[in-house]
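Below: the structure, in structure tokens.
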């Protein structure tokens, strides 16, 4: 009697613990309302759903070494991890999971992400901010003939016939540029200059006119025109300020290709770097992309940045205002003091942002980045990544999974239906075949489902779609133990043993077989756990949890039921099995 | 008391010639087909891009294909997925995969752009439900990991069997399992299932499942051998199979019922897994009745037990014949188990 009571107490404790483990609890949830994140509380069952069930994004990132080898990758990835974590925290995703895998990989799980492209950019963007002085020595002009020579000699201009782009469009663009920026010129400007000029005063171009005219009365134009028949130089037009050039956007791939050749890179003036700016629309249907020649050594980098926030300026449009710390401010003041009258390019990830402003006097701790009419969201994101810090190394995505929330909800629904259907079938089979004993097994099966879910919650395992499949499958496997026991009891009874003896023998003899069959399944599940990615890992976990739970429910619980039944029906001799 | 297949005395082993032919007829053509044309592997293994896209109205697959061709996405495979309105696009061509070295998502972006230009804005004209983009490096890694997993699971299973049974039983169980694996490989080929991580999971689970079926029959045989020393092994094996028959039928029915539920209701992603497991249940039952006992019989004839071992596969014989006590520590361990 005492043992039965202890058994029942133990079962009740287990049930209570399971219910406690699964009881909905209040959690903080971040919710996006009208573009702003709010923290709210919600009651939730503490079962973590995998990305495949709730929708979201998984990214695996590695150091991108396409632009140069990285010396200490392991250390760089550690720092990158911190930055990525900061950014995601600022972005506001509920329960993100960011971790380092191995030595060279970061994985990011973002549940419930809607705009995956934005999220990806947020993670991938290096956000390396530099301030570089534009070149005022006409360094590129001086080497232009040589570059033309190289291009011609090596036959680079013939390599990609398609690279020049759709010819008519390119021509229009070039004409537009020539007419815009070499207004006094003879040979190149077409008769319809007036038309082009009329169309020209767009946001960017209008300002270019006043700033540029003042400063760029250099003699460069002559050199440029002289060489402008070269395969390289004819694609490039003098800009409005020192170190600025314009390239028709259709020619950008060609020019980029030329610049990437090692011979040409070597021919560029030492200590100078060539960077692209942001594309501007000329309003004539053609657009140009500025090319800047800047001092390679930045006067200051973004490491001194303490704050960045988006703002809207009546003239400039959307901007990001930033603040430097005191040390950065001191250096910035010192450096800009030396360069009064020069132009300073604000370079983000190797791209010049906006038009380099002229330094009128020494600048202190505050500055701004002009975004040239980019949408507010992008401006907000830039401010965010600047605040969170630059990535120490460029990262690239090596593996990604995105699952829409609708599909995830469908999966939960389908998985749940399959579970219910499977359970109903098993219940029918068990009760139909074993009657009363089957009914006991079915009650145990109910406890089995409860225990399995509680185990998953207790170990904060993640429930995935294959995980649900694993659970459904293990419902079928869970009754196997009972089948083994019941069959054995029947055999013992057939041999003429008493009900009580038969039950005892049945449980005892079936144990080996039960342990055997579970061990072989657990072993394979462990292997799967080792190799699997998220969803398959979930399958292995639920299978293991299911087997552990079934050992308790099918053996211990059902045994207790039998003992209880034997006690109640002291005289009864026939067991319905 | 409802009883099925109770107290049967079917001579299963007698049928071994027929069942061998059945097995060969099923497996060999499949294996030949695999040797000729191989399998279709999922994006996870090859690297590449998979996109599941749903449209408000059933799209013309040919049109989607030509749209992608025009956008320069080569060799993309397009299939409807579950319903007419959902498509799965797989870009696994080596050229596309190589492009993903720079960034895994580049091809997915191109596909989306191509669809936008043809059908209209994303989330209005169509919806991207699922994207998987795998760079070539990650794919290669997973291939290696999967191979490693298969090897490890074999070794683990072998070690377990070696520890659990003496070598004749163990070898018979291994051969039965090998039979199941080959049969499943052929089955996957016949159904043109894609080899994905989840299908691999199905195969590994199937191995564990079919193995324990064999183990349960062998356990019974070992127990019977201990009790009925005079019976021939042939009869004992048949008896073991017959005695465990109700259990086999019932367990397999419940598991099969769950798998049917999964295959019918749980959706397209789980269906291949459920199908592989369903076949696993069938072949596991078949092999533990027709393969494992027959092979065991053959092994016992080929390598008969020594005098001390005669008739004693079970541990009791060890205790009965003192001379062999020292030499058979392994089987004594097994005795402690049962």
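Protein chains in written order, with the numbering used here: chain Y, -1 to 575; chain A, 2 to 339. All residues carry an ideal CB built from backbone N, CA and C; glycine is no exception.
* To do: Mind the definition here: the region 443 to 451 of chain Y touches the region 3 to 19 of chain Y only if three or more C-beta pairs lie below 8 Å; say whether that holds.
  => In short, these stretches touch, since the Cβ pair count reaches three.
* Would you mind listing the alpha helix (DSSP H) stretches within the region 108 to 163 of chain Y that are 4+ residues and don't spill past its ends, in chain order? => Note on the region 108 to 163 of chain Y: whole alpha helix (DSSP H) runs with a minimum of 4 residues are 114 to 122, 137 to 152, in chain order.
* Near residue 360 of chain Y, what residues of its chain come up, given a Cβ to Cβ distance below 6 Å and the 5 sequence neighbours on each side ignored? -> For the purposes of this step, residue 360 of chain Y is identified with residue 362 of the first chain, where counting begins at 1. Exclusion of the five residues before and after residue 360 of chain Y leaves 331, 334, 335 as the residues of its chain whose Cβ lies within less than 6 Å of its Cβ.
* Assign residue 51 of chain A to one of three DSSP states: helix, strand, or coil. => Position 50 of the second chain, counted from the first residue, corresponds to residue 51 of chain A. Collapsing the DSSP output to three states places residue 51 of chain A in a strand.
* To do: Using a Cβ-Cβ cut-off of less than 8 Å, list which residues of the region 389 to 413 of chain Y approach chain A; keep chain order.
  => Residues of the region 389 to 413 of chain Y whose Cβ lies closer than 8 Å to any Cβ of chain A, in chain order: 394, 395, 396, 397, 398, 399, 400, 401, 402, 404, 405, 408, 409, 412, 413.
* Exposed or buried, what is residue 25 of chain Y when buried is set at 16 or more other beta-carbons lying within 10 Å of its beta-carbon? -> Translated into the one-based positions of the first chain, residue 25 of chain Y becomes position 27. So residue 25 of chain Y counts as exposed.
* Asked: Given a threshold of 16 other Cβ atoms within 10 Å of its Cβ, counted over all protein chains shown, does residue 411 of chain Y qualify as buried or as exposed?
  -> As a working mapping, residue 411 of chain Y is identified with position 413 in the first chain. Residue 411 of chain Y should be labelled exposed.
* To do: Tell me where the beta strand (DSSP E) around residue 273 of chain A begins and ends.
  => What you label residue 273 of chain A is simply residue 272 of the second chain in a count that begins at 1. Per DSSP, residue 273 of chain A lies in no beta strand (DSSP E); the unbroken alpha helix (DSSP H) holding it starts and ends at 272 to 287.
* Asked: How many whole angstroms separate the CB atoms of residue 541 of chain Y and residue 552 of chain Y, which I take to be in contact at a CB cut-off of 8 Å?
  -> Numbered from 1 along the first chain, position 543 holds the residue referred to as residue 541 of chain Y. Numbered from 1 along the first chain, position 554 holds the residue referred to as residue 552 of chain Y. Actually they do not touch by this definition, with Cβ atoms about 15 Å apart.
* Asked: I think residue 32 of chain A touches residue 194 of chain A, with their Cβ atoms under 8 Å apart; what is that distance to the nearest whole Å?
  -> Residue 32 of chain A sits at position 31 when you count from the first residue of the second chain. Residue 194 of chain A sits at position 193 when you count from the first residue of the second chain. About 15 Å separates the two Cβ atoms, so there is no contact after all.
* Using DSSP with H/G/I as helix, E/B as strand and the rest coil, what is residue 573 of chain Y? -> Here residue 573 of chain Y refers to the residue found at position 575 when the first chain is read from its first residue. In the displayed model, residue 573 of chain Y falls within coil according to three-state DSSP, outside both helix and strand.
* Asked: Taking the runs of the alpha helix (DSSP H) that are 4 residues or longer, which of them lie wholly in the region 362 to 443 of chain Y?
  -> Fully enclosed alpha helix (DSSP H) runs of 4 or longer: 374 to 386.
* Own chain partners of residue 286 of chain A with C-beta closer than 7 Å, once the 5 adjacent residues on each side are dropped -> On the second chain, position 285 is the one that residue 286 of chain A refers to. In the same chain as residue 286 of chain A, and ignoring 5 residues on each side of it, the C-beta atoms closer than 7 Å to its own belong to 214, 249, 253, in chain order.
* To do: Kindly say whether residue 247 of chain A, judged by its beta-carbon, lies nearer than 9 Å to any beta-carbon of chain Y.
  => Here residue 247 of chain A is taken as the residue at index 246 of the second chain, counted from 1. Cβ-Cβ to chain Y under 9 Å: yes for residue 247 of chain A.
* Asked: Can you list the residues of chain A that residue 118 of chain Y reaches, using a CB-CB cut of under 8 Å?
  -> Your numbering for residue 118 of chain Y matches position 120 in the first chain. Those are 106, listed as they occur along chain A.
* Helix, strand or coil: which one does DSSP assign to residue 566 of chain Y? -> On the first chain, position 568 is the one that residue 566 of chain Y refers to. In the structure shown, residue 566 of chain Y sits in a helix (DSSP, three-state: H, G or I).
* Asked: DSSP state of residue 91 of chain Y, grouped into three classes?
  -> The count along the first chain starts at 1 and reaches residue 91 of chain Y at position 93. In the structure shown, the three-state DSSP call for residue 91 of chain Y is coil.
* To do: From the DSSP output, read off the bridge partner residues of residue 290 of chain Y.
  => Counting from 1 along the first chain, the entry for residue 290 of chain Y is found at position 292. According to DSSP, which records beta bridges pairwise, residue 290 of chain Y is partnered with Y/242, Y/273.
* To do: Return no unless some Cβ of chain A is closer than 9 Å to the Cβ of residue 528 of chain Y.
  => As a position in the first chain, residue 528 of chain Y is number 530, starting the count at 1. Residue 528 of chain Y counts as touching chain A.
* Residue burial classification, residue 7 of chain Y (beta-carbon count within 10 angstroms, cutoff 16) -> Taking the first residue of the first chain as 1, we reach residue 7 of chain Y at position 9. That one is exposed.
* Specify the secondary structure class of residue 8 of chain A as computed by DSSP and reduced to three states. => To locate residue 8 of chain A, count along the second chain from 1; it is residue 7. DSSP, read as helix, strand or coil, puts residue 8 of chain A in coil.
* Straight-line Cα distance separating residue 339 of chain Y from residue 149 of chain Y -> Position 151 of the first chain holds residue 149 of chain Y. Position 341 of the first chain holds residue 339 of chain Y. Here the alpha carbons of residue 339 of chain Y and residue 149 of chain Y stand approximately 35 Å from one another.
* To do: Could you pull out every residue in the same chain whose Cβ sits closer than 8 Å to the Cβ of residue 438 of chain Y, ignoring the five residues on either side in sequence?
  => Reading the first chain from its first residue, position 440 is the one you call residue 438 of chain Y. In its chain, beyond the 5 residues on either side, 556, 559, 560, 563 have a beta carbon closer than 8 Å to the beta carbon of residue 438 of chain Y.
* residue 56 of chain A - DSSP class collapsed to helix/strand/coil -> By one-based count along the second chain, residue 56 of chain A stands at place 55. If DSSP states are grouped into helix, strand and coil, residue 56 of chain A belongs with coil.
* **Coarse secondary structure for residue 46 of chain Y, derived from DSSP in three states** => By one-based count along the first chain, residue 46 of chain Y stands at place 48. In the three-state scheme derived from DSSP, where H, G and I count as helix and E and B as strand, residue 46 of chain Y is classed as strand.
* To do: Quick one: which residues of the region 3 to 20 of chain Y get their C-beta closer than 7 Å to a C-beta of chain A? List them in chain order.
  => Result list empty, no residue passes.
* To do: Decide yes or no for the touch test of the region 384 to 394 of chain Y against the region 35 to 45 of chain Y: beta carbon pairs closer than 8 Å, at least 3 of them.
  => Fewer than three beta-carbon pairs drawn from the region 384 to 394 of chain Y and the region 35 to 45 of chain Y are found closer than 8 Å, and the two stretches are therefore not classed as touching.
* So, does the CB of residue 77 of chain A fall closer than 9 Å to a CB anywhere in chain B? -> No chain B appears in this structure, whose protein chains are Y and A.
* For a contact meaning CB atoms closer than 7 Å, what does residue 133 of chain A contact in chain Y? -> Position 132 of the second chain holds residue 133 of chain A. For residue 133 of chain A, the chain Y residues whose C-beta falls within less than 7 Å of its own C-beta are 399, listed in chain order.
* To do: List the endpoints of the continuous alpha helix (DSSP H) containing residue 1 of chain A.
  => Nothing about residue 1 of chain A can be reported from this structure: the residues present for chain A run from 2 to 339 only.
* Going along the region 269 to 287 of chain A in order, which residues come within less than 8 Å of chain Y, judged by CB to CB distance? -> For the region 269 to 287 of chain A, the beta-carbon criterion of a distance under 8 Å to any beta-carbon of chain Y is satisfied by 270, 271, 274, 275, 278.
* My guess is that residue 238 of chain A and residue 297 of chain A are in contact by the Cβ rule of under 8 Å, so how many angstroms apart are they, rounded? -> Walking along the second chain from the start, residue 238 of chain A turns up at place 237. Walking along the second chain from the start, residue 297 of chain A turns up at place 296. Confirmed, about 7 Å.
* Among Y/464, Y/469, Y/463, Y/440, nearest to residue 453 of chain Y - alpha-carbon criterion -> As a first step, residue 453 of chain Y is located in the first chain; it is residue number 455 there, counting from the start. Closest option to residue 453 of chain Y, Cα to Cα, is Y/469.
* Name the chain A residues that come within less than 9 Å of residue 485 of chain Y, Cβ to Cβ? -> For the purposes of this step, residue 485 of chain Y is taken as residue 487 along the first chain, with counting starting at 1. Simply 244, 245, 247, 248, 251.
* Taking all protein chains shown into account, decide if residue 53 of chain A is buried (16 or more other Cβ within 10 angstroms of its Cβ) or exposed. => Here residue 53 of chain A corresponds to residue number 52 of the second chain, with the count starting at 1. That one is buried.
* Taking 9 Å as the CB-CB limit, is residue 107 of chain Y close to chain A? -> Here residue 107 of chain Y corresponds to residue number 109 of the first chain, with the count starting at 1. So, not an interface residue.
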